[in-house]
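So the protein lines, in turn, are chains A and B. Numbered according to the numbering used here, the first sequence terminates at residue 863, and the numbering increases by one at each position without gaps. Numbered according to the numbering used here, the second sequence terminates at residue 212, and the numbering increases by one at each position without gaps. Data block below; observations after.
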Amino acid sequence: MPNVKYIPITIGGRRKLTGFIQDGKYAALVVSLLIFGVSMLFYYSAKRGRKFEIKKKIAGFEAIPEAVGRATELGKPIHGSTGGSTTGSWRGPMVVAGTTLMGYVAELAAKNKMPFHVSVGYPDQIVLLDDMLRASYLKGGHPELYTSEQVHYYGDSDSSYTGGMVGFISRAKIGANFLLGGYGGEALFVAEAGNRLGAFQVAGTPAVWQLPFLVTTCDYVMLGDELFAAGCMVTGNPAETSFIAGQDLLKIVIIALTVIGTLAVTFGSNFLVQLLNM
Amino acid sequence: MVNVKNFVTTAIITVISLVLFLAFFVNKEQVPAVQDAALALQVFVIPLGGFALGLGAVSLAMYYTKRIVKKQQYWQYNAAALASMALVIVLGFLEADPQTAFQWYFLNVLTTLETSIWSILAFFLASAAYRGLKVRTLESTLLMVAAILVMLSNAPIGPALWGPSADIGAWIMNVPNVAGMRGLNIVVAVGIFVVALRTFMGRERSTLT
Chain A
586 MPNVKYIPIT
596 IGGRRKLTGF
606 IQDGKYAALV
616 VSLLIFGVSM
626 LFYYSAKRGR
636 KFEIKKKIAG
646 FEAIPEAVGR
656 ATELGKPIHG
666 STGGSTTGSW
676 RGPMVVAGTT
686 LMGYVAELAA
696 KNKMPFHVSV
706 GYPDQIVLLD
716 DMLRASYLKG
726 GHPELYTSEQ
736 VHYYGDSDSS
746 YTGGMVGFIS
756 RAKIGANFLL
766 GGYGGEALFV
776 AEAGNRLGAF
786 QVAGTPAVWQ
796 LPFLVTTCDY
806 VMLGDELFAA
816 GCMVTGNPAE
826 TSFIAGQDLL
836 KIVIIALTVI
846 GTLAVTFGSN
856 FLVQLLNM
Chain B
4 MVNVKNFVTT
14 AIITVISLVL
24 FLAFFVNKEQ
34 VPAVQDAALA
44 LQVFVIPLGG
54 FALGLGAVSL
64 AMYYTKRIVK
74 KQQYWQYNAA
84 ALASMALVIV
94 LGFLEADPQT
104 AFQWYFLNVL
114 TTLETSIWSI
124 LAFFLASAAY
134 RGLKVRTLES
144 TLLMVAAILV
154 MLSNAPIGPA
164 LWGPSADIGA
174 WIMNVPNVAG
184 MRGLNIVVAV
194 GIFVVALRTF
204 MGRERSTLT
């Protein structure tokens with residue numbers, strides 16, 4: 586057992602905090618616990634049978650079967666990528682959400698007996714996507730159509746990943762392209778290569794700096810957190826979609842805090858700024 | 004029935020995530036064990052990565068050799084990649100000062116190739132901007148006007164032609180642009196946290212297929 590000592594910290598001459606948490610991180614911890622608490626509350630409510638109706642439609646998510654169908658009609662292969670980010674980076678959750686959606690695309694491709702190729706930039710994604718695609722082809726009823734060579738690894742250098750992916754898209758003359766995950770500078774290259782071939786392109790990334798490039802080159806784009814929401818919607822399980830309801834409640838809290846903070850600062854009080862810096 | 008593989012995987016992910024999460028918040032002086040555990044986990048990645056690198060090089064060489072021997076589609080690219088990998092390894096072993104050889108290879112081969120790839124971006128940006136700035140709706144008209152103002156503010160000729168363009172361009176970038184980006188970033192942060200939570204709970208399909 587570690588030798589835990591609690592040293593009281595004084596604020597304004599009065600003993601208030603134990604010092605267990607680093608200074609300046611109290612507010613971050615409270616916000617984290619709030620997100621955790623709300624998400625768990627909604628999840629277990631849904632598990633107990635409570636229904637959360639998700640009214641919003643994500644056009645990009647709903648266009649996925651259409652894109653796979655278009656590629657099938659044309660008899661052209663389908664391509665996907667989760668972006669040039671590793672699961673260990675800050676874009677990791679984007680890659681994870683993108684990988685889940687790649688599984689959905691692979692399942693649809695298997696049902697249509699179509700080849701689905703995925704380009705990856707980091708070794709950890711080879712294993713994740715190989716496993717995901719294999720399981721999805723099995724779920725789609727045609728495990729014999731999948732081979733590990735459908736996951737293409739081009740190296741973790743941005744230029745090698747970009748060049749390899751653009752090269753594959755051009756040579757294979759793909760019919761549909763799915764860019765779902767954490768994207769950096771490679772977004773425009775890949776989307777433009779697909780656009781020039783006339784491929785049906787569905788993109789989605791929370792990496793906001795890449796969104797303008799994707800919007801101008803793709804048919805459908807999931808903006809910001811829509812990618813995460815789509816990742817929850819894939820299963821169709823109410824317990825999974827409850828996370829979206831939880832996120833929406835948290836958005837309302839954030840909007841309220843933003844309005845309160847803006848008004849407070851406008852009228853000369855920075856209590857919220859101080860509170861969040863605790 | 005409990006899926007043992009999924010249970011063990013989820014347990015490992017949850018414990019490691021929890022340690023790293025706590026290490027971000029707790030005071031090192033108060034609870035050194037948490038910080039030490041987090042550090043040990045991060046250090047553990049180095050030998051693991053080194054082992055994987057060696058394994059990867061051997062695996063890659065075997066895979067490419069198989070493709071070259073069978074003369075499969077695009078085997079020439081595999082041959083070039085294999086030769087390049089071998090050359091760098093040989094240079095590293097033969098040179099008295101490996102820095103010189105690596106530096107030469109880095110500057111004259113890798114950097115040149117990378118620069119060539121990124122130079123294409125200029126043309127892609129132009130065609131994407133052309134599509135994005137087509138005037139079709141009120142929103143696209145506003146987008147085009149904003150884009151022209153920002154371009155004018157950044158180009159030296161802009162302020163020379165029309166003085167206020169620099170201030171207007173800076174205002175567009177610093178006020179409405181930042182406001183929109185911050186809103187989106189905050190919402191994305193919540194989404195990232197929820198995906199992380201789902202992964203800890205083993206609810207994220209991609210980690211447990």
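Each residue gets a CB set at the ideal place from its N, CA and C atoms; glycine is no exception. The structure presented is a predicted model; accordingly, all values stated were derived computationally and were not measured.
Excluding five sequence positions before and after residue 144 of chain B, the CB atoms of its chain that fall closer than 6 Å to its own CB belong to 138, given in chain order. Annotated three-state conformation of residue 52 of chain B is helix, per DSSP. Taking every protein chain shown into account, the CB of residue 829 of chain A has 16 or more other CB atoms within 10 angstroms, so this residue is buried.
By the neighbour-count definition (other C-beta atoms within 10 Å, threshold 16), residue 628 of chain A is a buried residue. Rounded to the nearest whole angstrom, the CA to CA distance from residue 707 of chain A to residue 160 of chain B is 43 Å. Excluding the 5 residues flanking it on each side, residue 769 of chain A has same chain C-beta neighbours closer than 6 Å at 669, in chain order. Here residue 89 of chain B is not bridged, per DSSP, to any residue. Residue environment analysis places residue 807 of chain A among the buried positions, since at least 16 neighbouring C-beta atoms fall within 10 angstroms of its C-beta.
Below the 8 Å Cβ cutoff, chain A contributes 604, 605, 606, 607 as neighbours of residue 30 of chain B, in chain order.
In the structure shown, the three-state DSSP call for residue 639 of chain A is coil. At a beta-carbon threshold of 7 Å, the residues of chain A lying near residue 194 of chain B are 791, 810, 813, 832, ordered along the chain. Using a 10 angstroms sphere on the CB of residue 804 of chain A, the tally of other CB atoms reaches 16 or more, which defines it as buried.
The beta-carbon distance between residue 776 of chain A and residue 788 of chain A, rounded to whole angstroms, is 6 Å. This is short enough to meet the 8 Å contact definition. In this structure, residue 860 of chain A keeps its C-beta atom at 8 Å or more from the C-beta atom of residue 613 of chain A. Taking the C-beta atoms as reference points, residue 705 of chain A is found nearer than 8 Å to residue 738 of chain A.
In this structure residue 785 of chain A is buried. Its beta-carbon is surrounded by 16 or more other beta-carbon atoms within 10 angstroms.
In the three-state scheme derived from DSSP, where H, G and I count as helix and E and B as strand, residue 606 of chain A is classed as strand. Straight-line measurement puts the Cα of residue 681 of chain A at about 8 Å from the Cα of residue 766 of chain A.
For residue 813 of chain A, there is no enclosing beta strand (DSSP E); the enclosing alpha helix (DSSP H) covers residues 811-818. Counted as a single uninterrupted DSSP element, the stretch harbouring residue 735 of chain A is not any beta strand (DSSP E), since DSSP gives it neither H nor E. Look at the region 155-187 of chain B: the residues with a C-beta under 7 Å from a C-beta of chain A are 184, 187.
Residues of chain A with a Cβ closer than 8 Å to the Cβ of residue 139 of chain B do not exist; the shortest Cβ-Cβ separation is about 13 Å.
Nearest C-alpha to residue 677 of chain A among B/206, B/9, B/199, B/203: B/199.
Residue 811 of chain A is classed as buried because its beta carbon has at least 16 other beta carbons within 10 Å across all chains shown. When rounded, the separation of the alpha-carbon atoms in residue 34 of chain B and residue 624 of chain A is 28 Å.
Among the bridge pairs identified by DSSP, residue 753 of chain A is matched with none. Residue 773 of chain A counts as buried, since no fewer than 16 other beta carbons sit within 10 angstroms of its beta carbon. For residue 859 of chain A, the enclosing alpha helix (DSSP H) begins and ends at 856-861. Taking a beta-carbon distance threshold of 8 Å, residue 665 of chain A does not count as an interface residue toward chain B. Beta-bridge partners assigned by DSSP to residue 790 of chain A: A/808. By alpha-carbon distance to residue 618 of chain A, the top candidate from B/42, B/24, B/179 is B/24. By the beta-carbon neighbour count (other beta carbons within 10 angstroms, threshold 16), residue 155 of chain B is buried.
The C-alpha of residue 27 of chain B lies about 9 Å from the C-alpha of residue 606 of chain A. Within the same chain, and ignoring the five residues on either side of residue 740 of chain A in sequence, the residues whose Cβ sits closer than 8 Å to its Cβ are 706, 746, 749. Here the region 693-702 of chain A makes contact with the region 653-663 of chain A; the two share three or more CB pairs at distances below 8 Å. For residue 190 of chain B, the neighbours in chain A by C-beta distance under 7 Å run, in chain order, 809, 810, 836.
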